[in-house]
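Here is the structure we will look at.
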Amino acid sequence: MSYNIPKTQIAAVVTSSDAPIEIRADHPVKAQVDLAPGECLVKLVSTGVCHTDLHARNNDWPIPAKTPLVGGHEGVGHIVAIGDNTPDSPVKIGDRVGIKWLAYSCLDCEQCRNGLEQNCPKAKLSGFNVDGTFAQYAVSYVHHVTPIPDSLESNAAASILCAGLTVYRALKYSDAKIGNWVALPGAGGGLGHLAIQYATAMGLRVLAIDTGAEKKKLCTELGAEKWIDFKETKDIVKAVQEACDGLGPHCAIVTAASGSGYSQAVDYLRSGGTLMAVGLPGDAKLEASIFFTVFKSITIKGSYVGNRQDAIEALEIAARGQAKVHYELQALSDLKGVYEAMEEGKVAGRIVLDMSK
Ligand SMILES: [Zn+2]
Ligand SMILES: [Zn+2]
Numbered sequence: 004m005s006y007n008i009p010k011t012q013i014a015a016v017v018t019s020s021d022a023p024i025e026i027r028a029d030h031p032v033k034a035q036v037d038l039a040p041g042e043c044l045v046k047l048v049s050t051g052v053c054h055t056d057l058h059a060r061n062n063d064w065p066i067p068a069k070t071p072l073v074g075g076h077e078g079v080g081h082i083v084a085i086g087d088n089t090p091d092s093p094v095k096i097g098d099r100v101g102i103k104w105l106a107y108s109c110l111d112c113e114q115c116r117n118g119l120e121q122n123c124p125k126a127k128l129s130g131f132n133v134d135g136t137f138a139q140y141a142v143s144y145v146h147h148v149t150p151i152p153d154s155l156e157s158n159a160a161a162s163i164l165c166a167g168l169t170v171y172r173a174l175k176y177s178d179a180k181i182g183n184w185v186a187l188p189g190a191g192g193g194l195g196h197l198a199i200q201y202a203t204a205m206g207l208r209v210l211a212i213d214t215g216a217e218k219k220k221l222c223t224e225l226g227a228e229k230w231i232d233f234k235e236t237k238d239i240v241k242a243v244q245e246a247c248d249g250l251g252p253h254c255a256i257v258t259a260a261s262g263s264g265y266s267q268a269v270d271y272l273r274s275g276g277t278l279m280a281v282g283l284p285g286d287a288k289l290e291a292s293i294f295f296t297v298f299k300s301i302t303i304k305g306s307y308v309g310n311r312q313d314a315i316e317a318l319e320i321a322a323r324g325q326a327k328v329h330y331e332l333q334a335l336s337d338l339k340g341v342y343e344a345m346e347e348g349k350v351a352g353r354i355v356l357d358m359s360k
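In case it helps, this note's numbering puts the sequence shown at residues 4 to 360.
In structure tokens, the structure reads:
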């Protein structure tokens, strides 16, 4: 199979954090001869939009994003070229693969050897320090792209590559066991609605925390056993504990952008429970009571996206129909409007860009 690769493409380019996103029709495409060994070129079919893309676009993290930048890290597409002198490639031309946040790691350092590829000192991040998936073509790496199971449609797979992967890994490493309670603040959101489904698939009992009738309906339909509307509840800590056998949940997966969601979890967790910190706010602090963290034997763990194996597992569960992304399709040219809606908190579920539009 060989593909006709154009010299230029349509791409959404961030030139600086205070300039609007530019949709350019003349963005260069890296030619096959210019691909380094181990690099591959992916023609995108679909890409999800993550909150992290907004952080990268606004440059509001303690670590800076490159400019000019093509954002995006939930991409699904076909491999159309592979760099010369790439021995033992696990993927071939024509394969449908995913591009996730972690575009590259060395696979040789201590972190990589321990399965913490995302903490590799040589890590390259899609849509942050290397160009990502908000373009018709993206350069990625044969040892890090994720094969997409045949039974999973591309638009449905896209947001599994970041949102799904992130919550799946957090649950996997939370030490929660079958029959345990897990609290999910923000359960009706992009990460939360996937966390409900993965948690249910793992045999956990879900307490969903969010607000509004629409989100209550969604969370309940997806398998949440209990629901707390945080706007209608005066004492959240007490209500959460009462909902989970009067003792509190065994685990909380907190994806919030503010610090209060994290310290509150330390208060409502059952003794011996685990707080999985998953959100990436740029400057919020986790202010937990040291006394109660110790007195209640609480574990606080950071969980940062996931490695290649976590990604394969998260996709397999989705391919079996046990985790479905609730998404709305838009076009790449709509990206500016999508970011505005995200900043206003108006996006329900996930936005996926159909790259054929
Ligand atoms: Zn993401
Ligand atoms: Zn490494």
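Just so it is clear, CB atoms sit at the ideal spot from N, CA and C, and this is done for glycine as well.
Closer than 8 Å: Ser-108 CB and nearest ligand 2 heavy atom: Counted from its first residue, the sequence shown places residue 108 at position 105. Answer for Ser-108: yes, Cβ within range of ligand 2.
Check whether Glu-42 and Ser-143 have beta carbons under 9 Å apart: Numbered from its first residue, the sequence shown carries residue 42 at position 39. Numbered from its first residue, the sequence shown carries residue 143 at position 140. By the CB criterion at 9 Å, Glu-42 and Ser-143 fall inside the cutoff.
Close Cβ partners of Thr-89 (< 7 Å) along its chain, the five nearest in sequence each way excluded: If you number the sequence shown from 1, residue 89 lands on position 86. Counting only Cβ-Cβ distances below 7 Å, and skipping sequence neighbours, we find Pro-40, Gly-41 and Val-145.
Through-space distance from Val-36 to Thr-55, alpha-carbon basis: In the sequence shown, the residue the question calls residue 55 occupies position 52. In the sequence shown, the residue the question calls residue 36 occupies position 33. So the two alpha carbons sit approximately 32 Å from each other.
Complete runs of the beta strand (DSSP E) confined to the segment 160-238 [at least 3 residues]: Counting only runs of 3 or more, we get 184-188, 208-213 and 229-232.
7 Å Cβ shell around Ser-336 - same chain, five flanking residues per side excluded: Indexing the sequence shown from 1 puts residue 336 at position 333. Within the same chain, Ser-336 has close Cβ partners Ile-26.
CA nearest to the CA of Ser-359, picked from Lys-237, Ile-231 and Tyr-140: On the sequence shown, position 356 is the one that residue 359 refers to. Taking the Cα of Ser-359 as reference, the smallest distance to any Cα among Lys-237, Ile-231 and Tyr-140 is reached at Tyr-140.
heavy atom of ligand 2 below 8 Å from Glu-390 C-beta: A question about residue 390 goes unanswered here, because the residues of the chain that appear run from 4 up to 360.
Cβ pair Tyr-271, Ile-315 closer than 9 Å: Locating residue 271 in the sequence shown gives position 268, counting from the first residue. Locating residue 315 in the sequence shown gives position 312, counting from the first residue. No. Outside cutoff.
Stretch-stretch touch, CB-based, cutoff 8 Å, three pairs: the segment 280-295 with the segment 261-271: Yes, the segment 280-295 is in contact with the segment 261-271.
Run of the beta strand (DSSP E) containing Gly-80, from where it starts to where it stops: Indexing the sequence shown from 1 puts residue 80 at position 77. Element bounds for Gly-80: 78-85.
Tyr-144 - DSSP class collapsed to helix/strand/coil: As a position in the sequence shown, residue 144 is number 141, starting the count at 1. If DSSP states are grouped into helix, strand and coil, Tyr-144 belongs with the strands.
Sub-9 Å separation of Ala-160 and Gly-101 beta-carbons: Looking up residue 160 in the sequence shown gives position 157. Looking up residue 101 in the sequence shown gives position 98. Going by beta carbons, Ala-160 and Gly-101 fall inside the 9 Å limit.
Burial state of Pro-252 (16 or more Cβ within 10 Å): The residue labelled residue 252 in the question sits at position 249 within the sequence shown. Burial call: buried.
Neighbourhood of Ser-49 by C-beta, 8 Å cutoff - its chain only, sequence neighbours within 5 removed: As a working note, residue 49 is residue 46 in the sequence shown. Excluding positions up to five away in sequence, the list reads Gly-78, Val-79, Gly-80, Ser-157, Asn-158, Ala-160, Ala-161, Val-355, Leu-356, Asp-357 and Met-358.
heavy atom of ligand 1 below 8 Å from Glu-77 C-beta: In the sequence shown, residue 77 corresponds to position 74, counting from 1. True, at least one ligand heavy atom lies under 8 Å from that Cβ.
Heavy atom of ligand 1 within 8 Å of Val-209 beta-carbon: Start at 1 with the first residue of the sequence shown, and residue 209 comes out as number 206. Every heavy atom of ligand 1 is 8 Å or more from the Cβ of Val-209, so no.
Beta-bridge pairing of Arg-323 - partner residues as DSSP gives them: On the sequence shown, residue 323 is found 320 positions in, with the first residue counted as 1. Residue pairing from DSSP leaves Arg-323 without any beta-bridge partner.
Per DSSP, the bridge partner or partners of Arg-353: By one-based count along the sequence shown, residue 353 stands at place 350. Paired residue(s): Tyr-330.
Secondary structure of Thr-149, DSSP reduced to three states: The residue labelled residue 149 in the question sits at position 146 within the sequence shown. Residue state, collapsed to three classes: strand.
Same chain, Cβ closer than 6 Å to Leu-250, five either side skipped, listed in chain order: For this step, residue 250 is matched to residue 247 along the sequence shown. Annotation for Leu-250: Arg-273 place their beta carbon closer than 6 Å to its own, counting only its chain and skipping 5 residues before and after.
Cβ neighbours of Asn-61 in the same chain (closer than 6 Å, five flanking residues each side left out): Along the sequence shown, read from residue 1 onward, the residue named residue 61 stands at position 58. Ser-20, listed in sequence order.
C-beta atoms of His-147 and Ser-177 nearer than 9 Å: For this step, residue 147 is matched to residue 144 along the sequence shown. For this step, residue 177 is matched to residue 174 along the sequence shown. No. Outside cutoff.
Limits of the unbroken beta strand (DSSP E) element including Met-279: If you number the sequence shown from 1, residue 279 lands on position 276. Its beta strand (DSSP E) spans residues 277-280.
Nearest to Ile-303 (by Cα), restricted to the options Cys-254, Ala-242 and Ala-106: For the purposes of this step, residue 303 is identified with residue 300 of the sequence shown, where counting begins at 1. The shortest Cα separation from Ile-303 among Cys-254, Ala-242 and Ala-106 belongs to Cys-254.
Entirely enclosed alpha helix (DSSP H) segments - the segment 92-141, minimum 4 residues: Restricting attention to alpha helix (DSSP H) runs no shorter than 4 residues, the segment 92-141 encloses them at 113-116, ordered along the chain.
Outcome for Lys-288 when other beta-carbon atoms lying within 10 angstroms are tallied against a minimum of 16: On the sequence shown, residue 288 is found 285 positions in, with the first residue counted as 1. Around the CB of Lys-288, fewer than 16 other CB atoms lie within 10 Å, so the residue is classed as exposed.
Residue environment, Asp-98, which counts as buried when at least 16 other CB atoms sit within 10 Å: As a working note, residue 98 is residue 95 in the sequence shown. It counts as buried.
Inter-residue spacing [alpha-carbon to alpha-carbon] between Val-170 and Asp-87: Numbered from 1 along the sequence shown, position 167 holds the residue referred to as residue 170. Numbered from 1 along the sequence shown, position 84 holds the residue referred to as residue 87. Each residue's Cα considered, the two are about 36 Å apart.
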